[in-house]
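Quick note on the UniProt record's numbering: the sequence shown kicks off at 1 and runs consecutively. Beta carbons are placed, not taken as given, at the ideal position from N, Cα and C, and that holds for glycine. Some notes on the structure that comes next.
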Amino acid sequence: MSCNQGLRAYKDGDVMLGGLISLHMSGEFSAKEFGLADAVIFAIDMVNKNSSLLANVSLGYDIRNYCDSRVLGMQEAFDFKPKAMTDFIERFNWTYVAVIGLDNSYGRNGILALERE
């Protein structure tokens with residue numbers, strides 16, 4: 001059975017929660033991982049429907065399939081970071097941000113990803 005690494009569940013919100021799941025473990029479909037993703041989506045929907053919990057703020061989610069691959073999991077996690085930082089910058093209307101990073105491919109690519117976002 002092949003894995004669809006582009007598979008994701010997404011819903012926009014004021015505050016975004018990211019998650020990584022592996023729908024396939026050792027080539028087999030993982031009902032447990034699917035159930036965990038479904039539980040997260042259900043919980044977020046319940047919070048959004050209850051106006052007394054988060055007044056004027058909606059939660060969103062971006063749950064991605066990493067196909068039981070450490071490399072793909074790291075890439076997906078890396079994609080979440082610049083988006084989260086950009087959301088934070090925009091939320092507080094900052095016009096200037098200083099970024100400090102390691103002078104290696106990880107640090108340089110992280111800064112470039114933030115600039116692109």
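Once you ignore the five residues that flank residue i on each side, which residues in its own chain have a CB closer than 7 Å to its CB?
i   : result
D62 : R8, Y10, M16 and G18
M25 : D68
Would you kindly report the start and end of the unbroken beta strand (DSSP E) that includes residue i?
i   : result
A77 : Here A77 belongs to no beta strand (DSSP E); instead the alpha helix (DSSP H) covers R70 to R91.
Output the distance between the C-alpha atoms of residue i and residue j, rounded to the nearest integer angstrom.
i    : j   : result
S22  : M46 : 24 Å
E76  : A55 : 30 Å
M1   : F42 : Confidence in M1 is poor, its pLDDT being 49 and thus under 50, which makes the residue's placement unreliable; the coordinate value appears in the next sentence. Straight-line Cα distance between these residues: approximately 27 Å.
K32  : D38 : 10 Å
L112 : T86 : 12 Å
Y106 : M74 : 11 Å
N109 : S58 : 31 Å
E117 : A84 : 10 Å
F92  : V99 : 16 Å
P82  : N50 : 30 Å
Quick one, which of the options has its alpha-carbon nearest residue i's?
i    : options                : result
F34  : M74, T95, R64 and A113 : R64
E115 : F92, N104 and D79      : D79
Which first and last residues belong to the alpha helix (DSSP H) in which residue i is found?
i    : result
A113 : S105 to R116
Within the same chain, show all residues whose beta-carbon is closer than 6 Å to that of residue i, passing over the 5 residues directly before and after it, in chain order.
i   : result
F88 : none
G13 : S58, L59 and G60
Sequence ranges, alpha helix (DSSP H) only - wholly within the stretch 27–76, length at least 4: 31–49
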